[in-house]
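**Student:**
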Amino acid sequence: MKRIAKCILKLFGWKVVGIVPPEAKYVCIVAPHTSFWDFIWGRLGYWRMGITAGFLIKKEFFIFPMKRLLLALGGIPVNREQAKNTVQYCVDLFNTKEKLALTITPEGTRKYTTKWKKGFYYIAQQANVPLYIGFIDYQKKETGILTKFEITGNFENDFAEIQNLLRGYVAKFPKNYSLS
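This is how it looks when you write it as structure tokens:
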């Protein structure tokens, strides 16, 4: 997949930049997320970097014929009606797997929102795994993982710093991206 991803990315003028986490288990948030294309470029970027990552997706998508494809791509079904348990569900996944790179889009939607989801922070904190900051930039045609973020336990300060790190990246649909 690495070579195929490299060829597709090159064909469309995209570059993969940044770091590859050395840990077997971690959470990586990726922003901005305003288009389905974010998944395509991000998945190709991961393959190019040799990363096998899981992602959360509502369980309603796990029906024939999509179920096999989603599982092959790393899809992890989530019951959105039990959203309060999603953090614990993910922590349990980390506790039962030897290797898990979990990618989360903190916006939680491709539409404009001023409220990012906070679960990624608590998943990393409670599962005691590192948190990485990933990005996609349509202006530069780049995707990758920017940095490892050290969680301090002060959510408000950490969250402000995370959003500050993600300033300047251009979304596919900039009007749908908010860092407020």
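In this note's numbering, the protein residues as written are 458 to 637. From the three backbone atoms N, C-alpha and C, an ideal C-beta is built for every residue, glycine too. Note that the coordinates shown come from a computational prediction; the quantities given were computed from them, not determined experimentally.
(1) For Glu555, which option in Tyr578, Pro534, Thr509 and Arg525 has the closest C-alpha, if you only look at C-alpha atoms?
(2) Closest to Val638 by CA distance: which of Pro563, Tyr579, Gly591 and Met523 is it?
(3) Helix, strand or coil for Tyr569 per DSSP?
(4) Does the segment 618-631 come into contact with the segment 482-502, if we say contact requires no fewer than three beta-carbon pairs (one atom in each stretch) closer than 8 Å?
(5) Could you tell me the distance, in whole angstroms, from the CA atom of Asp615 to the CA atom of Trp494?
(6) So does Ile608 have its beta carbon nearer than 7 Å to some heavy atom of the ligand NAD?
(7) Check this for me: beta carbons of Trp471 and Thr609, under 8 Å apart or not?
(8) What residue range does the beta strand (DSSP E) around Lys482 cover?
(9) Per the DSSP calculation, Phe512 is bridged to which residue(s)?
(10) Per DSSP, what kind of secondary structure is Gly507 in: helix, strand or coil?
(11) Return yes when the Cβ of Ile561 is within less than 8 Å of the Cβ of Phe577, no when it is not.
(12) Please state if the CB of Lys516 and the CB of Asn542 are separated by a distance shorter than 8 Å.
(13) Compute the beta-carbon to beta-carbon distance between Ile533 and Leu513, rounded to the nearest angstrom, for a pair I have assumed lies under 8 Å.
(14) Let me confirm a value: Gly531 is counted as buried when at least 16 other C-beta atoms fall within 10 Å, else exposed. Which label applies?
(15) Alpha carbon to alpha carbon, how far is Thr604 from Leu466?
(16) May I ask you to report which of helix, strand or coil DSSP gives Ile580?
**Tutor:** According to the structure shown:
(1) Thr509
(2) Nothing about residue 638 can be reported from this structure: the residues present for the chain run from 458 to 637 only.
(3) coil
(4) yes
(5) Going by C-alpha positions, Asp615 is about 28 Å away from Trp494.
(6) Only the bare structure without any ligand can be found here, which leaves the ligand NAD out of the picture.
(7) no
(8) Lys482 to Ala488
(9) Gly532 and Thr560
(10) coil
(11) yes
(12) no
(13) 5 Å
(14) Buried.
(15) 22 Å
(16) helix
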